[in-house]
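Q:
Protein chains: 2
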Amino acid sequence: MAVYTEVSFEDLERLLEQYDIGAPLSFKGIAEGIENSNFYLQTDRGAFILTLYEKRVAEEDLPFFLGLMEHLAERGVHCPLPVKTRDGRSLTTLNRRNAAIVTFLTGIALRRPDAAHCASAATALAGLHKAGEGFGLSRVNALGPKGWRPLAEAIYGADTIEDGLTALINTSLEELVSHWPSGLPGGVIHADFFPDNVLFVGNLVGGVIDFYFACNDAFVYDLAIMLNSWCFELDGSFNITKGQAVINAYRQQRPLSEAEIAALPVLMRGSALRFLLTRTYDWLNPDPNALVRPKDPREYSKKLRFHNKVKHAREYGL
Amino acid sequence: MAVYTEVSFEDLERLLEQYDIGAPLSFKGIAEGIENSNFYLQTDRGAFILTLYEKRVAEEDLPFFLGLMEHLAERGVHCPLPVKTRDGRSLTTLNRRNAAIVTFLTGIALRRPDAAHCASAATALAGLHKAGEGFGLSRVNALGPKGWRPLAEAIYGADTIEDGLTALINTSLEELVSHWPSGLPGGVIHADFFPDNVLFVGNLVGGVIDFYFACNDAFVYDLAIMLNSWCFELDGSFNITKGQAVINAYRQQRPLSEAEIAALPVLMRGSALRFLLTRTYDWLNPDPNALVRPKDPREYSKKLRFHNKVKHAREYGL
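Quick mapping for you: the protein sequence lines, in order, are chains A and B.
Just so we're aligned, residue 112 is where the first sequence starts under the working numbering, counting upward by one.
Just so we're aligned, residue 112 is where the second sequence starts under the working numbering, counting upward by one.
1. Between the stretch 330–341 of chain B and the stretch 374–391 of chain B, can you find at least three pairs of beta-carbon atoms closer than 8 Å?
2. So with CB distances below 8 Å, who are the chain B contacts of I430(A)?
3. Look at the alpha carbon of G187(A) and the alpha carbon of V316(A), and state the distance between them as a whole number of angstroms.
4. Excluding sequence positions up to five away, which residues of its chain have a Cβ less than 7 Å from the Cβ of N209(A)?
5. Report the rounded CA-to-CA distance for E121(A) versus P306(B), giving the unit in angstroms.
6. Does DSSP classify Q153(B) as helix, strand or coil?
7. Kindly list, in the order they appear in chain B, the residues whose Cβ is closer than 8 Å to that of V312(A).
8. Listing by chain order, which chain B residues have their CB less than 8 Å from the CB of Y151(A)?
9. Could you pull the DSSP bridge partners for T203(A) from this structure?
10. Cα separation between R250(A) and C190(A)?
11. Could you confirm whether any beta carbon from chain A is found closer than 8 Å to the beta carbon of R156(B)?
12. When the Cα of G245(A) is compared with those of S412(A), N327(A) and I266(A), which residue comes out closest?
13. If the cut is a Cβ gap below 7 Å, which residues of chain B does R222(A) touch?
14. According to DSSP, is S148(B) part of a helix, a strand, or is it coil?
15. How is L177(A) classed by DSSP in three states: helix, strand or coil?
16. For the beta strand (DSSP E) holding V357(B), just list the boundary residues, first then last.
17. Can you name the residues that DSSP bridges to A169(B)?
18. Tell me which residue opens and which closes the alpha helix (DSSP H) that C229(B) is part of.
19. So, for A424(B): in the same chain, excluding its five sequence neighbours on each side, which residues have a beta-carbon less than 7 Å away from its beta-carbon?
20. Give every residue of the same chain whose Cβ lies closer than 7 Å to the Cβ of F417(A), excluding the five residues on either side of it in the sequence, and list them in chain order.
21. Looking at H301(B): is its Cβ nearer than 8 Å to the Cβ of V319(B)?
22. Cα-Cα, which of K241(B), Y130(B) and A232(B) is closest to L179(B)?
23. Counting beta carbon pairs with one atom in the stretch 354–374 of chain A and one in the stretch 227–237 of chain A, are three or more of them shorter than 8 Å?
24. Let me know the beta strand (DSSP E) ranges lying completely inside the stretch 295–348 of chain A, each 3 residues or longer, listed in chain order.
25. Do L276(A) and T391(A) have their C-beta atoms closer together than 8 Å?
26. On a CA-only basis, which of A184(B), W341(B), G255(B) and E146(B) is nearest L216(B)? Give me that one, please.
27. I'd like the ranges of any alpha helix (DSSP H) spanning at least 4 consecutive residues and lying wholly in the stretch 235–290 of chain A.
28. If you measure between the beta carbons of K413(B) and G347(B), is that distance less than 8 Å?
29. Is the beta carbon of P408(A) closer than 8 Å to that of L387(A)?
30. Throw me the rounded Cβ distance for the L136(B) and T154(B) pair, which I believe falls under 8 Å.
31. What would DSSP say about L163(B), mapped onto helix, strand or coil?
32. Considering only residues of the same chain and omitting the five flanking positions on each side of P292(B), which have a CB-CB separation below 6 Å?
33. Give the secondary structure of P193(B) by DSSP, where H, G and I count as helix, E and B as strand, and everything else as coil.
34. Go ahead and label H290(A) buried or exposed: buried means 16 or more other beta carbons lie within 10 angstroms of its beta carbon, across all protein chains shown.
35. Check each candidate in F175(B), I219(B), R167(B) and E285(B) and name the one with the smallest Cα separation from G243(B).
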């Protein structure tokens with residue numbers, strides 16, 4: 112949850128002079144997104160989200176994120192559409208922060224999606240992968256294998272969280288980096304396709320939000336992130352019914368190649384390691400201004416240990 | 112800003128079964144109210160606020176607060192209207208908290224209201240005082256003179272905030288408690304009528320919110336709280352034009368008696384002391400879970416020092 116930077120009504124009025132979106136009727140800071148300050152804005156012409164970008168989002172990445180949302184929205188993906196200023200810019204500044212206004216999406220994130228929700232979300236993920244084609248900008252995955260080692264080296268005291276966590280991280284890191292697949296079909300991926308970022312209206316996906324980790328990488332890596340975050344139960348068990356629902360719905364939109372299927376187990380481990388690393392780091396180095404509890408890294412050490420025993424994509428429901 | 116208790120979509124669905132307000136379309140934690148957890152809820156039938164009451168609001172006071180909002184709303188005051196469950200209750204429970212759903216009010220709080228806004232708000236305050244008549248419940252002002260001494264005694268180290276603050280508090284406390292006026296016209300007051308709690312649509316008051324300090328006390332004490340929070344400029348000077356706007360607009364709705372006018376200077380000092388005390392205490396004892404920066408007590412020590420030199424209500428614009 113986050114409102115790091117305050118915005119007064121007077122700041123808002125000044126900002127809205129740059130836009131042609133009507134007069135403000137309601138304006139509230141919302142507890143959403145841990146990286147930025149977000150506000151719900153209602154005007155006489157519609158509902159919007161105002162985002163002020165805080166330091167964790169690199170300024171040079173903003174044209175990629177905003178341009179991507181525009182590209183996807185134009186191709187029918189239900190994602191926030193950046194609203195342009197009168198002089199055609201998606202990005203502006205407010206209170207010494209970069210800022211953007213995007214359309215507000217109806218829908219609610221589920222904490223415990225069922226198999227039908229999983230299938231709808233997987234269909235949306237495949238649609239997003241296809242719609243990203245032709246987007247002119249690219250962004251390296253800063254949290255891909257090359258980013259893991261510096262992150263692991265910055266972690267001190269992982270064993271205070273869980274016995275053997277340092278060894279698990281180091282062993283997995285060496286093995287995954289040396290066996291990481293290349294040449295898989297790829298393009299723009301969401302890279303944070305968790306249930307928090309998918310808004311449902313009933314059983315249908317009303318919107319996909321939070322593109323601030325999006326980057327260019329293997330599509331099946333995005334599918335692995337989704338399987339990791341949608342298909343485990345609270346008790347840590349993998350729900351193969353949900354796994355099947357995700358994989359089948361995805362394949363109906365975008366077939367998986369033999370190479371992608373073969374790579375899935377190692378990508379499941381890799382994506383588990385990626386979230387294990389950032390959660391472990393954030394757990395040991397909490398940001399005093401973050402206004403949010405760090406997420407428990409043990410959720411992902413458990414998942415990584417599960418994947419270490421998996422031999423074939425069949426075990427995920429393929 | 113505050114979301115102390117999380118509410119999942121599944122929790123929400125379970126809650127909404129008790130109500131007849133339609134299906135949820137949007138649900139977001141909002142950064143509003145420092146005492147409770149608040150969520151914006153949109154359904155196919157309207158917009159609402161869900162509040163979960165945290166420990167700072169006493170359970171036994173909830174019928175007063177909710178009943179008051181209902182009483183006022185029925186009499187035309189633009190305030191949140193508690194929505195009843197199917198079996199007629201305004202109050203329910205969720206995630207081990209007392210909880211209520213109220214209607215969402217359009218409008219935006221201003222940080223720097225001008226004299227016209229001050230007049231509109233004062234008209235609304237007088238309307239609120241008149242509309243409270245006949246409300247069947249009552250609540251002692253826990254932050255009135257009798258509450259100040261225990262609060263002052265719980266404060267250690269005020270001089271670390273500002274030289275002489277302890278002496279200012281103690282001297283003012285003794286003098287005010289021994290000269291506190293009694294027998295003034297009274298009834299239900301808002302007791303926290305700050306610009307944050309008045310929502311404007313253009314120059315008109317669209318709503319008054321946050322009734323969680325409301326109580327029975329002298330009406331003119333509420334006016335003093337308003338003058339203190341609306342009529343000082345950021346540089347600490349009292350803006351007599353705004354003071355006149357407030358007092359004149361208020362008097363047009365509810366005439367002030369000689370006794371009320373005579374009491375105004377001491378009530379200005381008293382209401383300044385009341386906010387100085389709570390802010391000083393909160394500054395020295397920050398709640399680690401509060402997710403909000405304590406407000407600067409020096410704003411109110413400055414106001415109190417200003418009032419200590421005032422001899423007559425004329426100096427406030429009467």
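Note that beta-carbon positions come from the ideal geometry of N, C-alpha and C, so glycine has one too.
A: Based on what the coordinates show:
1. yes
2. Absent from the model: residue 430(A). The displayed extent of chain A is 112 to 429, so no value can be given.
3. If you number the first sequence from 1, residue 187(A) lands on position 76. If you number the first sequence from 1, residue 316(A) lands on position 205. Cα to Cα, G187(A) sits roughly 13 Å from V316(A).
4. What you label residue 209(A) is simply residue 98 of the first sequence in a count that begins at 1. Once the five neighbours on either side are set aside, the close Cβ partners of N209(A) are Y164, E170, L173 and L202.
5. Start at 1 with the first residue of the first sequence, and residue 121(A) comes out as number 10. Start at 1 with the first residue of the second sequence, and residue 306(B) comes out as number 195. One alpha carbon belongs to E121(A), the other to P306(B), and they sit about 13 Å apart.
6. In the second sequence, the residue the question calls residue 153(B) occupies position 42. In this structure, Q153(B) counts as strand in the three-state DSSP scheme.
7. Along the first sequence, read from residue 1 onward, the residue named residue 312(A) stands at position 201. Those are L136, listed as they occur along chain B.
8. Along the first sequence, one-based indexing puts residue 151(A) at 40. Per Cβ cutoff of 8 Å: K139, I141 and Y151.
9. The sequence position of residue 203(A) within the first sequence is 92, counting from 1. Answer by DSSP bridge pairing, in chain order: A210(A).
10. Within the first sequence, residue 250(A) is the residue found at index 139, counting from 1. Within the first sequence, residue 190(A) is the residue found at index 79, counting from 1. Going by the C-alpha atoms only, they are around 19 Å apart.
11. Within the second sequence, the letter at position 45 stands for residue 156(B). It does not: the Cβ of R156(B) has no partner Cβ on chain A nearer than 8 Å.
12. Residue mapping note: residue 245(A) aligns to position 134 of the first sequence, counting from 1. For G245(A), the nearest C-alpha among the options comes from N327(A).
13. Start at 1 with the first residue of the first sequence, and residue 222(A) comes out as number 111. Per Cβ cutoff of 7 Å: S119, F120 and E121.
14. Numbered from 1 along the second sequence, position 37 holds the residue referred to as residue 148(B). In the structure shown, S148(B) sits in a strand (DSSP, three-state: E or B).
15. Position 66 of the first sequence, counted from the start, is the residue given in the question as residue 177(A). Here L177(A) sits in helix by DSSP.
16. Within the second sequence, numbered from 1, the residue matching residue 357(B) stands at position 246. Taken as a continuous stretch (DSSP letters only), V357(B) belongs to no beta strand (DSSP E), being part of the alpha helix (DSSP H) at I351 to Q364.
17. As a first step, residue 169(B) is located in the second sequence; it is residue number 58 there, counting from the start. Per DSSP, none; premise fails for A169(B).
18. Position 118 of the second sequence, counted from the start, is the residue given in the question as residue 229(B). Counting along the chain, the alpha helix (DSSP H) containing C229(B) begins and ends at A226 to A242.
19. If you number the second sequence from 1, residue 424(B) lands on position 313. Contacts found: I372, L375 and P376.
20. In the first sequence, the residue the question calls residue 417(A) occupies position 306. The beta carbon of F417(A) is closer than 7 Å to those of F349 in its chain, skipping five residues each way along the sequence.
21. Residue numbering aside, residue 301(B) sits at position 190 when the second sequence is read from its first letter. Residue numbering aside, residue 319(B) sits at position 208 when the second sequence is read from its first letter. Yes. Within cutoff.
22. For the purposes of this step, residue 179(B) is taken as residue 68 along the second sequence, with counting starting at 1. Of all alpha-carbon atoms in K241(B), Y130(B) and A232(B), the one lying nearest the alpha-carbon of L179(B) is that of K241(B).
23. yes
24. Counting only runs of 3 or more residues that sit fully inside the stretch 295–348 of chain A, the beta strand (DSSP E) segments are 297–300, 309–312, 315–319 and 326–329, in chain order.
25. Indexing the first sequence from 1 puts residue 276(A) at position 165. Indexing the first sequence from 1 puts residue 391(A) at position 280. Cβ distance < 8 Å, so L276(A) and T391(A) count as in contact.
26. In the second sequence, counting from the first residue as 1, residue 216(B) sits at position 105. Nearest of A184(B), W341(B), G255(B) and E146(B) to L216(B), Cα basis: A184(B).
27. Positions of the alpha helix (DSSP H) runs, each at least 4 residues long and wholly inside the stretch 235–290 of chain A, are given as 256–264 and 276–289 in order along the chain.
28. Taking the first residue of the second sequence as 1, we reach residue 413(B) at position 302. Taking the first residue of the second sequence as 1, we reach residue 347(B) at position 236. Inclusion of K413(B) and G347(B) in the CB contact set at 8 Å is warranted, their separation being smaller than that value.
29. Sequence index remark: in the first sequence, residue 387(A) carries index 276 (1-based). Sequence index remark: in the first sequence, residue 408(A) carries index 297 (1-based). Cβ atoms of L387(A) and P408(A): closer than 8 Å.
30. Within the second sequence, residue 136(B) is the residue found at index 25, counting from 1. Within the second sequence, residue 154(B) is the residue found at index 43, counting from 1. The Cβ separation is near 6 Å, so the contact holds.
31. Working through the second sequence from its first residue, we reach residue 163(B) at position 52. L163(B): strand per DSSP, three-state reduction.
32. Locating residue 292(B) in the second sequence gives position 181, counting from the first residue. Taken in chain order, the residues that qualify are A374.
33. As a working mapping, residue 193(B) is identified with position 82 in the second sequence. Three-state DSSP puts P193(B) in a strand.
34. Locating residue 290(A) in the first sequence gives position 179, counting from the first residue. Label assigned to H290(A): exposed.
35. Counted from its first residue, the second sequence places residue 243(B) at position 132. With distances taken between Cα atoms, G243(B) lies closest to F175(B).
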